[in-house]
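Notes follow once the structure below has been shown.
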Amino acid sequence: MFKWLDPYAKSETLYHFCGKLLPYLMVSALALLLLGNIWGLAFTPADYQQGDSYRIIHIHVPSAIMSMGAYAAMASAAFVALIWQIKVAHWAVLAIAPIGATYTAIALITGMAWGKPMWGAWWVWDARLTSELILLFLYLGVIALNGAFSDRQVGAKVSSLLALIGVINLPIIHFSVEWWNTLHQGASITKFARPSIDPSMLWPLLISILAFAVLLMALTCLRLRTAILVNEQHRPWVRKLVGGQ
Amino acid sequence: MQPRRKKRLFSILLIISLIAGAIGSMLYALQQNIDLFYTPTQLVEGLGKDKVKPVVGQRLRIGGMVVPGTVSRDAQSLKVRFQLVDTGPTVWVEYDGILPDLFREGQGIVAQGTLLAPDVIQASEVLAKHDEEYMPPEVAEAMKGIRHVPPSQADFPASEPSSNGNYSKPADKPTY
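Residue numbers (the UniProt record's numbering), protein chains in the order written: chain Y, 1 to 245; chain S, 1 to 176.
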């Protein structure tokens, strides 16, 4: 079923494939980011309750959703790395981890900046905020564990396993606002009923979410290419590529 | 699939499902501790199957909707008291401090403080909880009948023009 994927397990093919995708991803990420954020931050109407403060939603929600999306992608790569023992899959795990950690940090920081004026507190230990903080620690844990062993193969295996186990946190983050009493409000757009956000605010938000997703892919391609070059530096094709001796 | 890979797949799935089960039962057992606040009903009638009621003097958080018409402020200080409700009984919250901007009657809030009497809380912190609905003021007016006027343009009955005469008349419509 997945036979067509096999060539991409070869680092050289994957390197060139990512190189081909990269310019398209970068340009569309930049365009979508500019469109979504400028539209959202400057041209949407203010909220009836929160006034202009709610505009941070156009950064907070995309980064929060994509911090979870990045984790799902990283865990899928870890799954492939563990079961099929494909090296490039583990490099993909390591390529995504810092990007996901940054998205999570952006979500937490913008959330705090939003919480202070609206709720009245920078931070509350409610289920949503705490589980998102754990997501940040999971990302950092994957990065740290990978480097914590002198045997790199053991490090790769253990960090992939942690990445995979951390998937349990994703439904907890998503449903935390339904399962428990939280200060954080419920989901606005990822619910089955009609989104409880006005269309004039929803469209720029959806574009921003797409922009963060495309940016995630672009940065992953970029980092994966670098990882391949570093790890395969003694291969003839890399030597030929970089023009070394 | 090769037998080796199949073995790895099953052992990894086993590990993950065991850990997921452990975390799931942990979260279930700790459910009441993870809840950020008591609701007024839980406070009055008790929490969970055992109907555990918090004791007087206990520090806790209470979350509910401010009952319209119950907010009374002390004219001399920042003291304020109001009632909270969810679906059943109401409880009193007393607070001495600055309320968040979103605080108003009918608004969801979370207050942290100590229990003075079975249904009275002396709050040390009041946080506003807003819902997940976002809409422009015109839409809110049409849908909910809420006319929200920003404080800078509010037409307070008691307000008087300032002495230098720069007082601007409140706009007919909120400008944002």
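By construction, the Cβ of each residue, glycine as well, lies at the ideal position given by its N, Cα and C atoms.
Which first and last residues belong to the beta strand (DSSP E) in which residue i is found?
i	result
S124(S)	V120 to K129
A111(S)	G108 to A117
Buried or exposed for residue i, please, with buried defined as at least 16 other CB atoms from any protein chain shown within 10 angstroms of its CB.
i	result
H90(Y)	buried
A211(Y)	buried
H234(Y)	exposed
N33(S)	exposed
K131(S)	According to the sequence shown, residue 131(S) is Asp rather than Lys. Result: exposed.
P68(S)	exposed
Y15(Y)	buried
L34(Y)	exposed
S72(S)	exposed
Q31(S)	exposed
Y139(Y)	buried
E138(S)	exposed
Hey, does residue i have any beta-carbon neighbour from chain Y nearer than 8 Å?
i	result
D119(S)	no
V139(S)	yes
A128(S)	yes
P54(S)	no
M135(S)	yes
I16(S)	yes
P100(S)	yes
G63(S)	yes
E105(S)	no
E45(S)	no
V110(S)	yes
D131(S)	yes
A20(S)	yes
L36(S)	yes
Measure the alpha-carbon distance for residue i versus residue j and round it to whole angstroms.
i	j	result
T130(Y)	V177(Y)	11 Å
I98(S)	L22(Y)	51 Å
A46(Y)	S17(S)	45 Å
L229(Y)	V238(Y)	7 Å
V80(S)	F103(S)	12 Å
T182(Y)	I59(Y)	21 Å
T13(Y)	G243(Y)	18 Å
G46(S)	M26(S)	22 Å
V55(S)	T114(S)	10 Å
L78(S)	A123(S)	13 Å
G108(S)	V85(S)	9 Å
L30(Y)	L215(Y)	8 Å
G48(S)	Q42(S)	8 Å
K6(S)	S159(Y)	21 Å
L219(Y)	W125(Y)	32 Å
N231(Y)	V154(Y)	16 Å
A22(S)	A29(S)	11 Å
Sort out for me which residues DSSP pairs residue i with in a bridge.
i	result
T90(S)	V85(S)
I197(Y)	Y134(S)
I62(S)	Y38(S) and A111(S)
R73(S)	V80(S)
G51(Y)	D47(Y)
L47(S)	V52(S)
D96(S)	K79(S)
Could you tell me whether the Cβ of residue i comes closer than 8 Å to any Cβ of chain S?
i	result
Q153(Y)	no
M118(Y)	yes
S208(Y)	no
P7(Y)	no
G186(Y)	yes
N146(Y)	no
N181(Y)	yes
M201(Y)	yes
S196(Y)	yes
What residue does the alpha helix (DSSP H) around residue i start on, and which one ends it?
i	result
L82(Y)	I57 to I83
S131(Y)	A127 to G147
R5(S)	P3 to A29
W39(Y)	Per DSSP, W39(Y) belongs to no alpha helix (DSSP H) and is neither H nor E.
K116(Y)	K87 to M118
Q153(Y)	R152 to I165
P236(Y)	P236 to V242
F175(Y)	N169 to W179
Shorter than 8 Å from the beta carbon of residue i to some beta carbon of chain B?
i	result
L60(S)	The question asks about chain B, but that chain is absent: this structure's protein chains are Y and S.
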